[in-house]
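All remarks here apply to the structure that follows.
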Amino acid sequence: MRVAAGRTFAGPQLGDRDRRIVELAHAKILGARVDFSEAMRALREAAEEMIPGGRVFVLDIVDTGPVVGSIVTGVGIVQRESGIELVRVRRPGQSIPLGWFMR
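Quick note on numbering that gives the first Met the number 0: the sequence shown kicks off at 0 and runs consecutively.
Right under this line is the structure:
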């Protein structure tokens, strides 16, 4: 998958800090061909830069793989068949789609 420029992440389901972290992660891989591992790396680096001691965690495991993101807010990314989706995990097995991180 190739990451396109100009992507913004906004909406009532995404807080300001999560939005800034996701946008920074997206910017780190802009224009590159990346897989889910590279997207996770970019998300981890963005969390570390934006939050002192910031980390990402496995929030859930779904049929397509792990959901990785913030243990505090539940916002993370997950590999889907058609791309990498941004989701909010409410509890294991229940996530809300927030849009596409990469397609």
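Here a beta-carbon is modelled for each residue, glycine too, at the ideal position from N, C-alpha and C.
Review point. Do you know whose CA, among Asp-62, Ile-70 and Gly-53, lies nearest Glu-80's CA?
Key: When C-alpha distances from Glu-80 are compared across Asp-62, Ile-70 and Gly-53, the shortest belongs to Asp-62.
Exercise for review: Compare the C-beta of Arg-40 with all C-beta atoms of chain D and state if any pair is closer than 8 Å.
Suggested key: This model lacks chain D altogether, as it is built from one protein chain only.
Exercise for review: Excluding the 5 residues preceding and the 5 following Lys-27 in the sequence, name in chain order all residues of the same chain whose CB lies nearer than 7 Å to its CB.
Suggested key: Within the same chain, Lys-27 has close Cβ partners Ala-41, Glu-44 and Ala-45.
Exercise for review: List the whole-angstrom C-beta distance separating Arg-89 from Gly-75, where the pair is believed to meet the contact cut-off of C-beta under 8 Å.
Suggested key: Distance from Arg-89 to Gly-75 at the Cβ level is roughly 12 Å; contact not present, criterion being Cβ atoms closer than 8 Å.
**Study point:** 6 Å Cβ shell around Phe-56 - same chain, five flanking residues per side excluded
**Key:** Setting aside the 5 residues that flank it on each side, Phe-56 is surrounded in the same chain by Ile-70, each with a C-beta closer than 6 Å to its C-beta; the list follows chain order.
Point to revise | Local conformation of Glu-44 per DSSP, three classes | key: In the structure shown, the three-state DSSP call for Glu-44 is helix.
Check your understanding: Which residue or residues does DSSP assign as beta-bridge partners of Leu-85?
Key -> Ile-76 and Gly-98.
Practice item. Please determine, among Val-33, Glu-37 and Arg-16, the residue with the shortest C-alpha to C-alpha distance to Met-49. Key: When each option's Cα is compared against that of Met-49, the closest is Arg-16.
Practice item. State the DSSP-derived secondary structure class of Arg-18, mapped to helix, strand or coil. Key: Shown here, Arg-18 sits in a helix according to DSSP, grouped into three states.
**Study point:** Sheet register partners of Ile-60 (DSSP bridge)
**Key:** Paired residue(s): Pro-65.
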